[in-house]
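A quick write-up on the structure given underneath.
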Amino acid sequence: MSKKEASKRYFLFLLSVVLQGCAIACITFADIGTTPVSSANYVFSLHSDYTFGETSLIFNILLIVLQIMFIAIGPDSFKNHWINILVQIPFVVVFSYMIDAATFFLRMMLPDTLTYLMSWWLVIGGTLLLSFSISLSVIANVAMLSGEYFVKVFHPLIHRSFSFVKTFFDIFLVATACITSFIFTDFSCVEGVREGTLYGALLTGPTVHLIVPRLQKLKDCLTR
Numbered sequence: 000m001s002k003k004e005a006s007k008r009y010f011l012f013l014l015s016v017v018l019q020g021c022a023i024a025c026i027t028f029a030d031i032g033t034t035p036v037s038s039a040n041y042v043f044s045l046h047s048d049y050t051f052g053e054t055s056l057i058f059n060i061l062l063i064v065l066q067i068m069f070i071a072i073g074p075d076s077f078k079n080h081w082i083n084i085l086v087q088i089p090f091v092v093v094f095s096y097m098i099d100a101a102t103f104f105l106r107m108m109l110p111d112t113l114t115y116l117m118s119w120w121l122v123i124g125g126t127l128l129l130s131f132s133i134s135l136s137v138i139a140n141v142a143m144l145s146g147e148y149f150v151k152v153f154h155p156l157i158h159r160s161f162s163f164v165k166t167f168f169d170i171f172l173v174a175t176a177c178i179t180s181f182i183f184t185d186f187s188c189v190e191g192v193r194e195g196t197l198y199g200a201l202l203t204g205p206t207v208h209l210i211v212p213r214l215q216k217l218k219d220c221l222t223r
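Take numbering that gives the first Met the number 0: the last position of the sequence shown gets the number 223, and nothing is skipped along the way.
Shown next as structure tokens:
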């Protein structure tokens, strides 16, 4: 890969990370659930002095540490992964910052109390934006955010497919969000997991599969 092509691909991935942060902020701001992978982070942010972006950063750094541990105990050599691990750090910082930045602007632009219809518009629009941003990262094909790379490192260790482990990982995070919110609220309610979470979980993947083939011209531009 030439330096010019690499620059284009990393810029496209950076753009996808920025948009992913904005999309998650939109979905979460709707207050009818957040994305499965962000659900636990969001619950912890509600019951701590940390913002949603800050808890997301801590969570992603933890995933990077776990990646290193799993590579160390696995059969694969660390030299095959170290660049992919290091490059995650600046991207997760940008991702986490964009969650807080987008949330700040949403608070400025939208009323404090949203109607249920407005909440659904935010969830639908945020899910479309999230699907588009993930599609851009697929086209860029140079890096992954920590959640995706964690699954990539972990799934060979248990001899399961990437999709199986990704689904189980999402379910685990949603279950963690439910349990911790029960504990934090003295078993009075579940936070961060609602109909918006289910909508995103069901629609994001299929929407990505629809978008990626339609970005072929963009993919061709990367190699010119």
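Think of the CB as a built atom: it goes at the ideal place given N, C-alpha and C, for glycine as much as any other residue.
Annotation for Leu121: the continuous alpha helix (DSSP H) segment containing it runs 115-139.
CA-to-CA, the gap between Val86 and Ala142 works out to about 7 Å. Burial is judged here by how many other beta carbons sit within 10 angstroms of a residue's own beta carbon; Ser162 has fewer than 16 and is exposed.
Under the three-state reduction of DSSP, Asp30 is assigned to coil, being neither helix nor strand. Phe77 is positioned such that its CB atom lies no closer than 8 Å to that of Leu144. The beta carbons of Leu128 and Ser95 sit no closer together than 8 Å. Shown here for Pro74: not one same chain residue has a beta carbon closer than 7 Å to its own, the five before and five after excluded. Judged by their CB atoms, Ile26 and Leu121 are nearer to each other than the 8 Å cut-off. Bounds of the alpha helix (DSSP H) holding Thr179 are 161-183. Distances from the CA of Ser180 to each of Phe171, Ile170, Asp169, Val192 were compared; the closest alpha carbon is that of Val192.
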